[in-house]
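Taken in order, these protein sequences are the chains called A and B.
The numbering of the first sequence is the working numbering, which starts it at 13 and goes up by one.
The numbering of the second sequence is the working numbering, which starts it at 909 and goes up by one.
Note that the Cβ used here is the ideal one computed from N, Cα and C, for glycine as well.
First the structure, in the form of structure tokens, and then the observations on it.
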Amino acid sequence: MGIFETLSFALPELVLVIGAMGLLIAGVFLGDSAAKHISLASVGLLLIAIILVIFGPGAPTASLFDGAFRIDAFSDFAKVIVFAAAAVAILMSDRFLGGEELGRPEYPVLIVLAVFGMSLMVSATDLISLYMGVETQSLALYILAAFNRDSRRSTEAGLKYFVLGALSSCLLLYGASLIYGFTGATSFEAIASVAKASDANIGLVIGLVFLISGLAFKVSAAPFHMWTPDVYEGAPTPVTAFFAAAPKLAAMALFVRTMVTSFPDVIDDWRPIIALIAVASMAVGAFSAIVQTNIKRLMAYSSIGHMGYALIGLAAGTSSGASAVLIYMSVYVLMTIGAFACVLMMRRRGGMTENIADLSGLSRTNMPLALILTILMFSLAGVPPTAGFFGKWYVFLAAVDTGMIWLAVAGVIASAISAYYYLRIIWFMWFDEPAPAFERDTGPVLRFAAWACALLMFPILTVFMGPLIKTAEWAAASLF
Amino acid sequence: MIEQLHSDQPWLSLLTFAPLIGALSIILRRMMSRTDENGAIADPREQAQIENNARWIALGITSLTFLVSLGVYALYDPSRAGYQLVEEIPWLNDSIKYKMGVDGISILFVLLTTFIMPICILASWNSIKSRVADYMIAFLILETLMIGVFVSLDLFLFYFFFEGSLIPMFLIIGVWGSKGTKEFAGVSMPSRVYAALKFFLFTLLGSLLLLVAMAWMYAQAGTTDIPALQGYEFPAGAQKWLWLAFFASFAVKMPMWPVHTWLPDAHVQAPTAGSVVLAAILLKMGGYGFLRFSLPMFPLASADFAPLIYALSIIAIIYTSLVALAQEDMKKLIAYSSVAHMGFVTMGIFTGTQQGIEGGLFQMLSHGFISGALFLCVGVVYDRMHTREIAAYGGLVHRMPLYAFLFLFFTLGNVGLPGTSGFVGEILAMTGAFKVNSWIAFFAAFGVILSAAYALRLYRQVMYGELTKEALMAIPDLNWREWLPLGLLMLFALFLGFNPGPALSVFTPAVELLISNYDAALAAGGR
């Protein structure tokens, strides 16, 4: 493949990275007053990237840069959702950052750079490109977490994220080097063939454990979840909204690709580890969220739990398991964006509120918002008729299909427990006496995003789940 | 293979989603109104108008749904055993379909549902004062989900409606429930919230186990089509586990002893119409589930676990009847008596005999009328006096003769007096039990005696005696909105009591088919 042909496959990434640099330069020259325009331009970049992914070069799969990256249905699926989630996150930030005097042109540029990293992650097929993608993403995210640099909490969040993130990167690198040492290869394909030929040797398995630890940190699965609540709470809310959606999907896609393409024949060695991480995450998500009073912390624990459910699909390790992960994560991303759009609308005179108790009686003071949140909470709890239920169904199906009934049972017990705290939010909104009303003027973007996500959860996706499932199955099939 | 007659027109979808259309129209009306910054509707006249509209829309739509269900019944051929008016389109993929249909077992539950709903709307006409529009929306959505449960012919779709029906009921109990606080785990919360949460979480945990079983069945059989699964032979070892998972779900819903504790709480806290729906329809989903899934899909396990069911049923019948004797709260008493009556249902169903199953079905129908009516009766005095304490009443017969008459009728129906529908169900279920083991019937018969004890005690304390309490002196008798539904329910209960033939003849073909398949499966499995 010639260099130009190779680059033609990487067009979306090229657009992102060149565009981001251009915007950075523009930001430097134009100053803070141009922040709004640069935001819009970044959204434009992401939209162009989405179009390029969908209508780009027709080949269904292509291996680029000597097997470092692979463009296939799986990466396309993940990229489209990541780009879209990031674009929505940038749009949702505008008003908040303006209000807090944080509207700086670096913000959207950093998001685009992080997205570029995610784009590398989801198509990485080599340990080196994997690490490259993860670091590109993480470095941008560390800065974003500390974006409100005059706030102690935000700075603390950024620092914590950075220190723990660096540790996890070490683990990841250590695991990668062990794997390289024992297989003599860094490309997933080569690792898979060595692992198949040599039976799982102990060095490889130890490397694998470190690799899994590093990746589990990136998806914030227990027991590597400690950073999540603090970072979620400390970071500016729109940043948290971004953190909770796109990076989770990208890291999960990377996780799935790494495990099923490079270690398919040693699945018996890693399946119990993933299953255990899944159970631990679900348990942490279910129990720790019960006592939270801050809605951002609650969402942090809830996202840990959701990563546990998604990991059930990975533990299955089959094509249907991988598609279950994609289905679950797509639904999760939508629910999360919707929920954070609602959190961003929790604004009274004098600033944002983050307490769950502030939602009291919302169904009387602000019926539309209460309705949206109710749909989203039931969807997060996985109760039909919302789309969250279909996500759960597919991961449980994948587990049962591979004989891991116990894992599915653990999943349902966790979801019954976690239903409690989602119900608690609903109970505050519907059953309690009203707290002072939120400001009504929330701007069209947040309202539109929240409505769109809620209506997608119910009834749109309820009725038209079929196409999403077909697409996810088609995407997952390209891994095998 | 079970016969399936397809329908060209989506009658059942129309029936199922008709109430939803009503709910949407109320929502639209609400959204068009102007609100102030606190979210309240600015103009009090408009507020009143919206509320009135909501009442009339709800009444109109539920009545219309009832008419549609009568139309569906007219299209249904009761002499055939299989599924009729079947419609199907692919949904999630080609094997998880949107498929609906009715047979002799489900059609009467559909009619029961559509009949009870307008009554519930009437019962809430004046007794619900806050957030009327929201209330009506919740009820209409609930009706859609309940009809959906009974007409689904796909297990996945069934589950979808079955669990979905928790949401509106949760809100109905939590928002419009009664006052009072409760200490739980060191937290003080309103007791309606406690009841709503308990209702939701109990049922959710039970039905989530069903979800896992369903995933296994889908992985094994490659379909969630109910007729196909009824024809699929699951291995005997697996049947045991699947049966237990389904049992977890339906036993909580039914509810059976010892997982019945959510019911008294939910009943006491729910508004009158909520209690009526809960008793008349939601509980029936458990019995319906046993008949639709447990018996036909896992016949071997059903036969093996039958003694467990008998034991639990008898405990429910005797123990909860005794508990009912000790109650001070009218709604709690009726709630416990519901648990006892459902004991007859489960006992009858798992005898696997024609009489037993038909008795169970009949008992569910009859209980739908009678216990629904009893909760309405309690609602009548609760609306006037705002207390459910038995001790707060006495001598009402002097002031409310019409009420006393209707209440007496339903009390006797609850006891199972011959001539009321309550008698037919109980006697059939006990006959079925007699065929299997006379001891079961012997113990179950105690339930009939005990039910007379608690029901008549309730009646005596509330109705008879001197009218001494000051507050009761001016209590008015029933108005038309109260006696009309009660009168209708009485007519049905009387009609079914004297002439159970029509209802039974609708059941019979479906039950006969069920039993012949059941016996064949048992014979093949060496039981």
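- In this model, B/Phe1064 and B/Thr1131 are separated by some 10 Å (Cα to Cα).
- In this structure, the straight-line span from the alpha carbon of B/Glu1266 to that of A/Gly297 is close to 46 Å.
- Using beta-carbon distances, A/Leu28 does not count as an interface residue toward chain B, since no partner is under 8 Å.
- Between B/Trp919 and the set B/Ile965, B/Tyr981 and B/Asp951, the nearest pair of CA atoms involves B/Tyr981.
- The beta carbon of B/Leu1053 is closer than 6 Å to those of Phe1069, Gly1072 and Ser1073 in its chain, skipping five residues each way along the sequence.
- Residue state for B/Asn960 is assigned as helix, using DSSP reduced to three classes.
- Under the Cβ distance rule, B/Glu1071 counts among the residues neighbouring chain A, one pair being separated by less than 8 Å.
- Around A/Ile60, the same chain offers Val27 as residues with beta carbons nearer than 7 Å, after the five sequence neighbours per side are excluded.
- Nearest Cα to B/Arg1039 within the set B/Arg938, B/Gly1009 and B/Leu932: B/Arg938.
- Less than 8 Å divides the Cβ of A/Pro72 from the Cβ of A/Ala85.
- If you look at B/His1249, you'll find it isn't in any beta strand (DSSP E); it sits in the alpha helix (DSSP H) that goes Met1238 to Thr1259.
- Cα atoms of B/Ile934 and A/Val92: separation of roughly 38 Å, rounded to the nearest angstrom.
- Within the same chain, and ignoring the five residues on either side of B/Ala1353 in sequence, the residues whose Cβ sits closer than 8 Å to its Cβ are Met1338.
- A residue is called buried once 16 or more other Cβ atoms fall within 10 Å of its Cβ, and A/Phe470 is buried on that count.
- In this structure, A/Met477 lies near B/Leu1000, with their beta-carbon atoms less than 8 Å apart.
- For the region 301-382 of chain A, the full-length alpha helix (DSSP H) segments reaching 4 residues or more read 307-328, 331-356 and 374-377 along the chain.
- With respect to chain A, the C-beta atom of B/Ala1411 has no partner C-beta closer than 8 Å.
- Contacts between A/Phe460 and chain B, judged by CB atoms closer than 7 Å, are missing: the closest CB pair is about 16 Å apart.
- By the CB criterion at 8 Å, A/Val65 and A/Pro24 fall inside the cutoff.
- Its chain contains Gly129 and Ser181 as the residues whose beta carbon lies nearer than 8 Å to that of A/Glu147, once the 5 sequence neighbours on both sides are disregarded; these appear in chain order.
- With the criterion set as a beta carbon lying under 9 Å from some beta carbon of chain A, the members of the region 1074-1088 of chain B are Leu1074, Ile1075, Phe1078, Leu1079, Gly1082, Val1083 and Gly1085, in sequence order.
- For A/Asp277, the closest Cβ of chain B is not nearer than 8 Å.
- Residues are counted here when their Cβ sits less than 8 Å from a Cβ of chain A; for the region 1095-1116 of chain B these are Pro1098, Arg1100, Val1101, Ala1104, Leu1105, Phe1108, Leu1109, Leu1112, Leu1113 and Leu1116, given in chain order.
- Neighbours of B/Val1057 in chain A, taken as residues whose beta carbon is under 7 Å from its own, are absent, since the nearest beta carbon is some 12 Å off.
- When C-alpha distances from A/Gly219 are compared across A/Ile339, A/Ala188 and A/Thr240, the shortest belongs to A/Ala188.
- Under the three-state reduction of DSSP output, A/Ile83 falls in the strand class.
- Rounded to whole angstroms, B/Ser1099 and B/Phe1078 show a C-alpha spacing of 13 Å.
- Fewer than three pairs of CB atoms, one per stretch, sit closer than 8 Å, so the region 1029-1039 of chain B makes no contact with the region 1187-1196 of chain B.
- None of the residues of the region 258-271 of chain A has a beta carbon lying less than 9 Å from any beta carbon of chain B.
- B/Thr1254 is the residue among B/Thr1254, B/Ala1382 and B/Ala956 whose C-alpha sits nearest the C-alpha of B/Tyr1196.
- In summary, the residues of the region 413-446 of chain A whose CB is separated from some CB of chain B by less than 7 Å are Asp413, Ile417, Ala420, Val421, Val424, Ser427, Ala428, Ala431, Tyr432, Leu435, Trp439, Trp442 and Phe443, in the order they occur in the chain.
- When the Cα atoms are used, B/Leu1402 and B/Leu1320 turn out to be separated by approximately 11 Å.
- For B/Tyr1227, no Cβ of chain A is located within less than 8 Å of the residue's own Cβ.
- Counting only residues of its own chain and dropping the five nearest sequence neighbours on each side, B/Tyr1043 has a CB closer than 7 Å to the CB of Ser1032, Ile1036 and Trp1084.
- In summary, the residues of the region 453-484 of chain A whose CB is separated from some CB of chain B by less than 9 Å are Thr474, Val475, Met477, Gly478, Ile481 and Lys482, in the order they occur in the chain.
- Contacts with chain A at 8 Å (Cβ-Cβ) include B/Phe1068.
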